[in-house]
């Protein structure tokens, strides 16, 4: 997901670089700051070096109880995003500011994923379908 702010003096692109914007942090990308570190492009196989797949672990854990999971992460997510915006607005060194935002986002999502129990296959067709998709991707529970 991406939202772009285009002003007279610069453009800031806010991206999640993940599959699920409601469980992700929007992070800054500025052309003059270079590309942020996201690891290899995601494929159909789980790769913990890929930002997309690392976030997918959190996303799939949230599927077990989305409402409870969002209670756990929403306030911190919103505060981090507000802080990222303020940091970019005030930054003299954009490359450093962007990099620190991405590091903080990665750390927060890792904490959230650790705090949530992985979704366990249940009896519903939906749960069995996700369990099968995890198995096909090589994503251990």
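In my numbering, the protein residues as written are 29 to 169. Where is the CB? At the ideal position from N, CA and C, for every residue including glycine.
- C-beta contact flag for residue 66 and residue 53 at 8 Å: Not in contact: residue 66 and residue 53 (Cβ atoms no closer than 8 Å).
- Task: Could you give the DSSP three-state label for residue 36: helix, strand or coil?
- Result: Coil, per DSSP.
- Query: In terms of DSSP beta bridges, what is residue 30 paired with?
  - Reply: According to DSSP, residue pairing for residue 30 in a beta bridge involves 43.
- Task: Confirm, please, whether the CB-CB distance from residue 42 to residue 56 is below 8 Å.
- Result: Between residue 56 and residue 42, the CB-CB gap stays under 8 Å.
- Task: Go ahead and pull the three-state DSSP assignment for residue 126.
- Result: DSSP, read as helix, strand or coil, puts residue 126 in helix.
- Counterpart residues of residue 55 in DSSP-defined beta bridges: Its beta-bridge partners are 43.
- From what residue to what residue does the alpha helix (DSSP H) around residue 111 run? Start and end: 94-118.
- Along the chain, where does the alpha helix (DSSP H) that runs through residue 84 open and close? Looking at the DSSP string, the run of the alpha helix (DSSP H) that includes residue 84 is 79-90.
- Task: Look at the alpha carbon of residue 89 and the alpha carbon of residue 144, and state the distance between them as a whole number of angstroms.
- Result: Roughly 6 Å between the two C-alpha positions.
- Query: Cα-Cα, which of 83, 157, 124, 165 is closest to residue 136?
  - Reply: Checked all of 83, 157, 124, 165; the closest Cα to residue 136 is 83.
- Item | Span of the alpha helix (DSSP H), counted from its first residue to its last, around residue 153 | According to the DSSP assignment, residue 153 belongs to the alpha helix (DSSP H) that extends over 153-165.
- Task: May I have the straight-line CA-CA distance separating residue 157 from residue 76, to the nearest angstrom?
- Result: Going from the Cα of residue 157 to the Cα of residue 76 covers about 22 Å.
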